[in-house]
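Notes follow the structure.
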Amino acid sequence: PDAGYERENELKPAQKPKNVLIAGGGPAGMEAARVAALRGHKVTLCEKGSELGGQLLLASVPSFKKEIAGYVQYLSGQLEKLNVTVELGKEVTAELVKQRRPDAVVVATGAVPLMPEIPGADGKTVVTAEAVLAGGAKVGKTVVVAGGGRLGVEMAYHLSQQGVRVTLVEMTGEVGADLELSEKMYFLERLKEAGVEMLTHHKIQALTEEGAQTVDRNWQERLIPADTVVLALGACSEQGLLKALEGLGVETYAVGDCVEPRNIYAAVHEAARVARWL
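Position in the sequence shown (from 1) plus 18 gives the number in the numbering used here.
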């Protein structure tokens with residue numbers, strides 16, 4: 019569907035500038051605001067948190083991903099240069115949209131951690147990977163990381179660099195299935211060097227203060243001792259605002275993880291494409 023996109027969509031000034039309201043200050047929201055402002059639209063970006071960046075703020079915490087912080091600074095600087103109005107601590111709601119009556123709304127509300135329906139998942143020794151990266155949750159000396167996708171792999175490596183003994187548990191037969199081949203090879207080698215135990219074909223049945231109770235494909239049960247269990251099971255789209263705007267008659271677009279949880283490149287590309295067509 020993007021065939022000829024770059025050729026046919028050189029950044030052209032908008033024929034009729036609009037008042038555009040962006041909901042969300044993550045990578046998709048900031049990129050949509052940047053491109054819309056370049057086209058001459060009057061843009062206001064509202065972020066319910068205290069700073070811009072969204073998931074990029076968490077992604078830049080591990081030492082091997084520090085360069086992502088520079089991208090946040092770049093986008094923030096571009097918004098300032100382009101006179102985008104940024105309102106921090108302001109959540110966009112249907113009522114706010116009714117009050118401000120923008121010509122268009124771009125919903126970039128991102129995603130929230132996926133919480134499993136596992137007995138004990140709400141226990142005091144169970145935390146999310148996002149909470150660990152945000153600094154709001156501490157872990158013990160031994161940790162079970164639940165989930166062997168990108169988030170779980172990066173979390174296991176991040177914790178192992180801090181001297182934590184980590185066991186990575188994945189329900190399928192492959193760790194790092196959503197990583198590019200070169201990334202996968204790199205991280206698997208690093209995890210092995212760090213002594214991270216990687217268990218595939220293990221399903222977590224319950225979480226307790228003692229650790230994670232698992233069962234493998236041969237129906238063998240096992241208790242994996244851990245001071246802390248870190249949930250790294252992915253995310254689900256935050257579509258509350260998108261649904262609330264249905265029927266209001268407002269020109270509405272959705273970009274980034276609120277459409278479907280993906281990587282930074284996909285979110286930014288989608289946001290740029292949508293903003294070019296505003």
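C-beta: ideal position from N, C-alpha, C; glycine also.
| Among Ala129, Val162, Thr127 and Val130, the one whose alpha carbon lies nearest that of Val144 | Position 126 of the sequence shown, counted from the first residue, corresponds to residue 144. Val144 has its Cα closest to that of Val162, out of Ala129, Val162, Thr127 and Val130.
| For Val79, which residues from the same chain have a beta carbon less than 7 Å from its beta carbon, with the 5 sequence-adjacent residues on both sides left out? | On the sequence shown, position 61 is the one that residue 79 refers to. Once the five neighbours on either side are set aside, the close Cβ partners of Val79 are Leu151.
| message | Suppose contacts are defined by Cβ-Cβ distances below 8 Å. Is Ala250 in contact with Ala46 by that definition? | response | Your numbering for residue 250 matches position 232 in the sequence shown. Your numbering for residue 46 matches position 28 in the sequence shown. Taking 8 Å as the Cβ cut-off, Ala250 and Ala46 do not qualify as a contacting pair.
| From Glu198, Leu75 and Gly267, pick the residue whose C-alpha is nearest to that of Gly88; which is it? | Here residue 88 corresponds to residue number 70 of the sequence shown, with the count starting at 1. Of the candidates Glu198, Leu75 and Gly267, the one whose C-alpha sits nearest the C-alpha of Gly88 is Leu75.
| To the nearest angstrom, how far is it from the Cα of Lys142 to the Cα of Glu227? | As a first step, residue 142 must be located in the sequence shown, where it is residue number 124. As a first step, residue 227 must be located in the sequence shown, where it is residue number 209. Between Lys142 and Glu227, the C-alpha separation is close to 8 Å.
| message | Can you look up Lys261 in the DSSP assignment and give me helix, strand or coil? | response | As a position in the sequence shown, residue 261 is number 243, starting the count at 1. Correct three-state label for Lys261: helix.
| task | State the beta-bridge partners of Ser255 as determined by DSSP. | result | Stepping through the sequence shown from its first residue, residue 255 is reached at position 237. Its beta-bridge partners are Ala129.
| message | Please report the straight-line C-alpha distance between Asp275 and Asn236, rounded to a whole angstrom. | response | If you number the sequence shown from 1, residue 275 lands on position 257. If you number the sequence shown from 1, residue 236 lands on position 218. Approximately 36 Å, taken between the alpha carbons.
| request: Throw me the rounded Cβ distance for the Leu259 and Thr127 pair, which I believe falls under 8 Å. | output: Against the sequence shown, residue 259 aligns to sequence position 241. Against the sequence shown, residue 127 aligns to sequence position 109. Between Thr127 and Leu259 the Cβ distance is about 5 Å, and since that is below 8 Å, they are a contact.
| field | the stretch 151-160 / the stretch 84-104 touching (three or more Cβ pairs under 8 Å) | value | no
| For Glu109, which of Arg294, Glu148 and Ser68 has the nearest alpha-carbon? | Within the sequence shown, the letter at position 91 stands for residue 109. Nearest of Arg294, Glu148 and Ser68 to Glu109, Cα basis: Ser68.
| message | Between the alpha carbons of Thr111 and Gly72, how many angstroms are there, rounded? | response | If you number the sequence shown from 1, residue 111 lands on position 93. If you number the sequence shown from 1, residue 72 lands on position 54. Rounded to whole angstroms, Thr111 to Gly72 spans 18 Å at the Cα level.
| message | Taking the straight line between their C-alpha atoms, what separation do you get for Gly252 and Lys210? | response | Walking along the sequence shown from the start, residue 252 turns up at place 234. Walking along the sequence shown from the start, residue 210 turns up at place 192. When rounded, the distance between both Cα atoms is 23 Å.
| request: Inspect the beta-carbon positions of Val115 and Leu63 and report whether they are closer than 8 Å. | output: Indexing the sequence shown from 1 puts residue 115 at position 97. Indexing the sequence shown from 1 puts residue 63 at position 45. Against a cut-off of 8 Å, the Cβ pair of Leu63 and Val115 comes out as no contact.
| field | Length of the line joining the Cα atoms of Leu132 and Thr146 | value | As a position in the sequence shown, residue 132 is number 114, starting the count at 1. As a position in the sequence shown, residue 146 is number 128, starting the count at 1. Each residue's Cα considered, the two are about 9 Å apart.
| Does the distance from the CB of Gly191 to the CB of Thr232 come in under 8 Å? | As a position in the sequence shown, residue 191 is number 173, starting the count at 1. As a position in the sequence shown, residue 232 is number 214, starting the count at 1. No, these two residues do not count as a Cβ contact at 8 Å.
| query | Leaving out the 5 sequence neighbours to the left and right, which residues in its chain are closer than 7 Å to Val299 when beta-carbon positions are compared? | reply | Limits of the chain in this structure are 19 at one end and 296 at the other, which puts residue 299 out of reach.
| query | Who are the near neighbours of Thr246 in its chain, counting only those whose CB is closer than 6 Å to its CB and skipping five residues on each side? | reply | For the purposes of this step, residue 246 is taken as residue 228 along the sequence shown, with counting starting at 1. Closer than 6 Å at Cβ, skipping near neighbours: Thr143, Val157, Gly158 and Val161.
| Comparing alpha-carbon positions, which option in Ala164, Gly153, Pro279 and Gly181 lies nearest Leu225? | Residue mapping note: residue 225 aligns to position 207 of the sequence shown, counting from 1. Among Ala164, Gly153, Pro279 and Gly181, the Cα nearest to that of Leu225 is on Ala164.
| For Val193 and Leu206, believed in contact at Cβ under 8 Å, the rounded distance | In the sequence shown, the residue the question calls residue 206 occupies position 188. In the sequence shown, the residue the question calls residue 193 occupies position 175. With 8 Å as the limit, Leu206 and Val193 qualify as a contact, their Cβ atoms being about 7 Å apart.
| task | Name the one or two DSSP bridge partners that His220 has. | result | On the sequence shown, position 202 is the one that residue 220 refers to. Its beta-bridge partners are Asp234.
| query | Along the chain, where does the alpha helix (DSSP H) that runs through Val286 open and close? | reply | Position 268 of the sequence shown, counted from the start, is the residue given in the question as residue 286. Val286 -> alpha helix (DSSP H) spans Ile282 to Arg294.
| query | Nearest CA to the CA of Asp121: which residue from Gly170, Gln179, Leu39 and Gly107? | reply | Looking up residue 121 in the sequence shown gives position 103. Here the closest residue by C-alpha is Leu39.
| C-alpha gap between Val277 and Ser255, whole angstroms | Mapped onto the sequence shown, residue 277 falls at position 259. Mapped onto the sequence shown, residue 255 falls at position 237. Approximately 6 Å, taken between the alpha carbons.
| From Leu241 to Ala230, what does the alpha carbon distance come to, in whole angstroms? | Here residue 241 is taken as the residue at index 223 of the sequence shown, counted from 1. Here residue 230 is taken as the residue at index 212 of the sequence shown, counted from 1. Going from the Cα of Leu241 to the Cα of Ala230 covers about 6 Å.
| Can you tell me whether DSSP reads Gly88 as helix, strand or coil? | For the purposes of this step, residue 88 is identified with residue 70 of the sequence shown, where counting begins at 1. Residue state, collapsed to three classes: helix.
| request: Name the residue from Gln223, Ala55, Val171 and Pro31 whose alpha carbon lies nearest to the alpha carbon of Met203. | output: Along the sequence shown, one-based indexing puts residue 203 at 185. When only C-alpha atoms are compared, the closest one is Val171.
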